[in-house]
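Visitor: Take this structure first; my questions come after.
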Amino acid sequence: MNKLEGTYSGRYISGHVPENVFPENGISSRAAYEFIHEELNLDGNPELNLATFVTTWMEPEADKLYMENAHKNFIDNFEYPQIKKIETRIVRILSELYSLKDENKFFGASTIGSSESIMLALLAQKWNWKNKMKSEGKDCSNPNIVFGADTHVVWDKFARYFDVEPKIVPLDENTLRVSPEKLVSMVDENTIAVGAVMGTTFTGAYDDVKKINELLEDLKNKTGNDVPIHVDAASGGFITPFIEPELEWDFRLNHVKSINVSGHKFGLVYPGLGWILFRDRKDLPEDLMFYVNYLGDEMPTYTLNFSRSSSNIAAQYYNILRMGKAGYKKIAENVMDNAKYLAEKLKNVKDIELVSAAEHIPVITFRKVSEDEYSLFDLSSEMKKFGWIIPAYSLPENASHMVLMRIVVREGLSMDMIDLLYDNILEGIKNLQGNADKMRQISPRKGHFVS
Ligand SMILES: Cc1ncc(COP(=O)(O)O)c(C=O)c1O
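Read in order, the letters of the sequence shown are residues 1027 to 1477 in this note's numbering.
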């Protein structure tokens, strides 16, 4: 069987390409390229992927810098000192963006994404708590961490991987949010940190960080228990400072000790880039730093992984210089306007009800008014026929009976495309209403993984 027959790569090679084994001999570069290129054409179109927060387009100059730096291992600071300097500049710039006033205290790092950033931040909090308990002669064998059920899965991962008891606050069934009072009521002497999210993965909602800070301050005044907040601003960190500068959520609040943000979300860089920022160098315990000297210099590292490319950091710096605050603000305003435009249109769809409509970040979620005829999982499958990728998923505990669909409006989704998307949603619903019985038999009823 000649698998390449009829494909473009078939012009450059005859015979079968063994897909699953290490081939004994190679093929020409043209054939290898075409073969892989053709297969990857079967992937979804990133521009129609409304499930993702992650950047799918950069300017050609950013692409150029990206390729120019792909072969530089970022961790080799001695060999590539300039990219390290650029990383430090970005950490300083973001710390200032998040209201850190004392510029001598800033400390942070680039990571491969918010997941790594969150793990690093929470590890630092665990160590700080352990050191505090030890210094007070107290037991430090039962750390816990308090966060809402609507945080990203990485919070649970941290708890499990690093042996910290997760104290998870369920959603309020009516507001579909986590109340600050409930969060802080779970705090005790063994709490290493409280998590607050600026843009939950499930609905895009913001936790009231200011209120959490206030309640923790009260707790400190009453009991002496001084508990830090880590803010997960994976999505909101590159939106809120530009369009809601008056919202207090960052280092203006004294319990906020660390913040993460994804450079590859609204930082507008391709995937593989996150940032972790500390309020003070002292919030990162020295025993967590590793100093590596075999690459020619004594390098401090605070990462979970080691080698990676320098591309994203160069691209992040490009975006910062190229757009400035005004450029980021303009894009943030555009995506918010477009998201609100879509939300207004969706209000006309009888079958669905909006749950969130781009309050702080350009995320729209909706549920079905009744679960008869078809489900949102069916609608999600239907939308794929038009090329759109829109996930359906159930909410976490206390609202797990509720299924939502989520649309993330990114820069590539213009108003014209939104009109088309809206028409396709109506058409999808019409098809499902006509085929309800058939759909019930064939629907896989499986949700997407919400990332
Ligand atoms: C709120 C939140 N936190 C953390 C993450 C994980 O981020 P990353 O994909 O950058 O590791 C996500 C991803 O969507 C998220 O939405």
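Ideal placement from N, C-alpha and C gives every residue a C-beta, glycine not left out.
Distance, Cα to Cα, Trp1155 vs Thr1249?
Guide: 16 angstroms
Visitor: Looking at Tyr1328 and Ala1135, is the spacing between their C-beta atoms short of 9 angstroms?
Guide: Contact: yes.
Visitor: Can you give me the Cβ contacts of Met1325 inside the same chain, cut-off strictly under 6 angstroms, excluding the 5 residues immediately before and after it?
Guide: Scanning its chain for C-beta atoms nearer than 6 angstroms, with the 5 sequence neighbours on each side dropped, one finds around Met1325 the residues Asn1103 and Val1318, in chain order.
Visitor: Would you report the Cα separation of Pro1107 and Gly1350, rounded to the nearest angstrom?
Guide: 24 angstroms
Visitor: Smallest Cα separation from Ile1101: which of Ser1336, Tyr1296, Phe1133 and Thr1226?
Guide: Ser1336
Visitor: Helix, strand or coil for Ser1125? Go by DSSP, reduced to three states.
Guide: coil
Visitor: Among Arg1432, Pro1206 and Trp1301, which residue has its Cα nearest to the Cα of Glu1379?
Guide: Arg1432
Visitor: As a quick exercise: from Lys1410, Ile1302, Ser1205 and Thr1177, pick the residue whose alpha carbon is nearest that of Ile1451.
Guide: Lys1410
Visitor: Got a sec, what are the start and stop residues for the beta strand (DSSP E) Met1431 sits in?
Guide: Val1429 to Val1434
Visitor: Quickly, what does DSSP pair Asn1286 with across the bridge? List them, please.
Guide: Asp1258 and Ile1302
Visitor: Give the straight-line distance between the Cα atoms of Arg1278 and Lys1090, rounded to the nearest whole angstrom.
Guide: 37 angstroms
Visitor: Mapping DSSP to helix, strand and coil, what is Ala1383?
Guide: Per DSSP, reduced to three states, the secondary structure at Ala1383 is strand.
Visitor: Compare the Cα-Cα distances from Ile1357 to each of Thr1078, Leu1294 and Arg1307 and report the closest residue.
Guide: Leu1294
Visitor: For Lys1193, name the three-state secondary structure that DSSP assigns.
Guide: strand
Visitor: Can you name, in chain order, every residue of its own chain whose Cβ lies under 7 angstroms from the Cβ of Asn1457, other than the five neighbours on each side?
Guide: If we look at Asn1457 and ignore the five residues flanking it on each side, its Cβ neighbours are Glu1408.
Visitor: State the DSSP-derived secondary structure class of Thr1081, mapped to helix, strand or coil.
Guide: Coil at Thr1081, not helix or strand.
Visitor: Quick check on Phe1332: buried or exposed, where buried means 16 or more other Cβ atoms within 10 Å of its Cβ?
Guide: exposed
Visitor: Could you work out which residue in Trp1414, His1386, Lys1373 and Gly1413 is closest to Lys1394 when comparing CA atoms only?
Guide: Lys1373
Visitor: In its own chain, which residues sit with a C-beta less than 6 angstroms from the C-beta of Phe1316, not counting the 5 before and 5 after it?
Guide: The residues are Thr1327.
Visitor: Alpha carbon to alpha carbon, what distance is there between Asn1251 and Ile1218?
Guide: 11 angstroms
Visitor: Entirely within the region 1290-1371 and at least 4 residues each: give me those alpha helix (DSSP H) ranges in chain order.
Guide: none
Visitor: Looking at Ala1260 and ligand 1, is the gap between the Cβ and the nearest heavy atom below 8 angstroms?
Guide: yes
Visitor: Assess contact between the region 1063-1072 and the region 1287-1306, defined as three or more Cβ pairs (one per stretch) separated by less than 8 angstroms. Is contact present?
Guide: Flag = no, the region 1063-1072 and the region 1287-1306 do not touch.
Visitor: Hey, how far is the Cα of Asp1198 from the Cα of Asp1176?
Guide: Near 11 angstroms, if we compare the C-alpha coordinates of Asp1176 and Asp1198.
Visitor: Our contact map puts Ile1346 next to Thr1137 with C-beta atoms below 8 angstroms; I'd like the distance itself, whole angstroms only.
Guide: In fact, because the Cβ distance is near 17 angstroms, the residues do not count as touching under 8 angstroms.
Visitor: Sort Asn1075, Leu1242 and Pro1049 by Cα distance to Ile1444 and report the nearest one.
Guide: Considering only alpha carbons, the answer is Asn1075.
Visitor: Taking only heavy atoms of ligand 1 into account, decide whether any of them is closer than 8 angstroms to the Cβ of Gly1490.
Guide: Absent from the model: residue 1490. The displayed extent of the chain is 1027 to 1477, so no value can be given.
Visitor: To the nearest angstrom, how far is the alpha carbon of Asn1099 from that of Asp1244?
Guide: 47 angstroms
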